[in-house]
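For reference, the structure is listed below as structure tokens.
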Amino acid sequence: ITMLTEVSGLSQAAALVGKSVSASVARTADPTTGMPRTNEVVSGVVTQVTFEDSGAIAHLDNGRQVPMKSVKAVG
């Protein structure tokens, strides 16, 4: 089952190469107050996808890298 899940994730992630995506990425806490900050919205075209222990990572044409689980919209 684990292998099937990984293969399915690979297929889904690979299908996003060349597509425009938007993602909501968590930001670190405010260094002055320690309070959490709102997520940052990141957009770009997926140029490649890599896989790490934490999951699939989308590499965008603007140099940003976002976890696939953070992608909220495609197109």
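Using this note's numbering, the first residue of the sequence shown is number -9, and each one after it goes up by one.
No residue lacks a Cβ here, since even glycine has one placed at the ideal position from N, Cα and C.
Being a predicted model, the structure only gives us computed values, none of them experimental.
| query | result |
| --- | --- |
| Once DSSP output is grouped into helix, strand and coil, what is the label at V7? | coil |
| Hey, out of D43, S10, P26 and M25, whose CA is closest to V35's CA? | S10 |
| Sorted by chain position, which residues of the same chain lie with C-beta nearer than 8 angstroms to I47's C-beta, five sequence neighbours on each side aside? | V39, T40, F41, Q55, V56, P57 and M58 |
| Taking the straight line between their C-alpha atoms, what separation do you get for D51 and L(-6)? | 29 angstroms |
| Under the three-state reduction of DSSP, which class applies to G34: helix, strand or coil? | strand |
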